[in-house]
Amino acid sequence: MSDSDSLREVNAEILIYNLETAWSPAAAEICLYGAYFVLVAFYLHALLTRRMAKQTFLTIAIIALFILCTIHCAFILAATTLNNRIYVRLDAGLPFVKDQNRYSKLTLATQVVYVTSNVIADGIFIFRCYAIWNFRLKVVLLPIFMTLALAAFGYFTAIDAAAGSRFVGLNTSDILNLIELTDDDRVDGINCGSYLVARPRSSASEWKKDSKQILHRMRNDNPAPCTL
1 MSDSDSLREV NAEILIYNLE TAWSPAAAEI CLYGAYFVLV AFYLHALLTR RMAKQTFLTI
61 AIIALFILCT IHCAFILAAT TLNNRIYVRL DAGLPFVKDQ NRYSKLTLAT QVVYVTSNVI
121 ADGIFIFRCY AIWNFRLKVV LLPIFMTLAL AAFGYFTAID AAAGSRFVGL NTSDILNLIE
181 LTDDDRVDGI NCGSYLVARP RSSASEWKKD SKQILHRMRN DNPAPCTL
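Residue numbers for the sequence shown follow UniProt numbering, so the first one is 1 and each next one is one higher.
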């Protein structure tokens, strides 16, 4: 076997590896989208059949979020296909500058849609907390500011990455960076929701009353030791 044949085999193995690496996140995206489609259909069915059709905000937010997730999934598939095209042209020694520019723009659009969908999801959490706390704005001011700050940071990161981007492929590290970008506010929203659901529609005076009752019970159950 000549050196040129060995080089071709190595290049073919590298190309196959790059294609598999590029399609792995896309395959995961499709699986998650299928599960999400079922959840959205179930939720809309529950809204319409359980006399909750008046929840206009939640209905609109869920539909908008589903549309954005559909667009995001389509962008992921398009970016992966274009990514594979660049790998093939690169391996064949053909020019790929135009495809690289298209890939950068498509990646920017994908990240913008991703950040926007997370902002809407956090908005749903905040609205539920806002309703549970009798529509008191001061309770949700901090989550609102955190969501807006993280959204601004997410858009800035996406635009900055697209402005100075070079072709690196659709690898796992890029997706992990995007997930880390929006996980903090998602976790804050979940924690806030679970914390508020445990005490729905409680006022400040009720909290003080409950605290006094708990302290009174603790003193009765654990009397102070006698001193000589």
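Glycine included, C-beta positions come from ideal geometry on N, C-alpha and C. From a predicted model like this one, the values you see are computed outputs, not experimental measurements.
Problem set entry | Cβ-based neighbour list, Thr116, same chain, cut-off 7 Å, excluding 5 preceding and 5 following | Leu68
For this session: Report the option in Leu141, Ile86, Ala163 whose CA atom is closest to the CA atom of Pro95.
Result: Ile86
Exercise. So, is Thr49 buried or exposed, given that buried needs 16 or more other C-beta atoms within 10 angstroms?
Worked result: exposed
For this session: Pick out whichever of Asn118, Ala79, Leu90 has its Cα sitting closest to the Cα of residue 287.
Result: The structure shown does not extend to residue 287, since the chain is modelled only from 1 through 228, so no value can be given for it.
Problem set entry | Buried or exposed (CB count within 10 angstroms, at least 16 for buried), Val97 | exposed
Exercise. At what residues does the alpha helix (DSSP H) containing Leu58 begin and finish?
Worked result: 56 to 92
For this session: Verify whether the separation of the beta carbon atoms of Ile63 and Ile124 is less than 9 Å.
Result: Not in contact: Ile63 and Ile124 (Cβ atoms no closer than 9 Å).
Exercise. Should Gly34 be labelled buried (16 or more other beta-carbon atoms within 10 Å of its own) or exposed?
Worked result: exposed
For this session: Along the alpha helix (DSSP H) that carries Asn101, what are the first and last residues, could you check?
Result: 97 to 132
Exercise. Smallest Cα separation from Ile126: which of Val113, Val112, Leu141?
Worked result: Minimum Cα-Cα distance from Ile126 among the listed residues Val113, Val112, Leu141 corresponds to Leu141.
Problem set entry | Whole-angstrom C-beta distance between Thr147 and Asp122, which should lie under 8 Å | 5 Å
For this session: Name the residue from Thr56, Val38, Ala151, Tyr130 whose alpha carbon lies nearest to the alpha carbon of Thr70.
Result: Val38
Problem set entry | Residue nearest to Phe57 in terms of C-alpha spacing, selected from Thr21, Arg128, Ala109, Tyr114 | Arg128
For this session: Please work out which residues of its chain come closer than 8 Å, Cβ to Cβ, to Cys73, disregarding the five sequence neighbours upstream and downstream, and give them in chain order.
Result: Answer for Cys73: Glu29, Ile30, Tyr33, listed in chain order.
Exercise. Among residues of its own chain, excluding the 5 on either side of Asn18, which ones have a beta-carbon nearer than 6 Å to its beta-carbon?
Worked result: Tyr87
Exercise. Of all the options Ala26, Ile76, Arg136, Tyr43, which has the alpha carbon lying nearest to the alpha carbon of Gln111?
Worked result: Residue nearest to Gln111 within the set Ala26, Ile76, Arg136, Tyr43 is Ile76 (criterion: CA-CA distance).
Exercise. Taking Cβ to Cβ, would you say Leu108 is nearer than 9 Å to Ala161?
Worked result: Going by C-beta atoms, Leu108 is nearer than 9 Å to Ala161.
Exercise. Comparing alpha-carbon positions, which option in Phe153, Arg89, Leu65, Ala22 lies nearest Ala41?
Worked result: Leu65
Exercise. Just how far apart, CA to CA, sit Tyr130 and Ile120?
Worked result: 15 Å
Exercise. If you draw a straight line from the C-alpha of Leu44 to the C-alpha of Ile132, how long is it?
Worked result: Rounded to whole angstroms, Leu44 to Ile132 spans 21 Å at the Cα level.
For this session: Kindly give me the distance between the Cβ atoms of Ala27 and Asn84, rounded to whole angstroms, as I take these residues to be in contact under 8 Å.
Result: Actually they are not in contact, since the Cβ atoms of Ala27 and Asn84 sit about 13 Å apart, beyond 8 Å.
Exercise. In three-state DSSP terms, what is Phe37?
Worked result: helix
Exercise. Does Thr80 have its Cβ less than 9 Å from a Cβ in chain C?
Worked result: Judged by its chain identifiers, the structure shown contains no chain C, having just a single protein chain.
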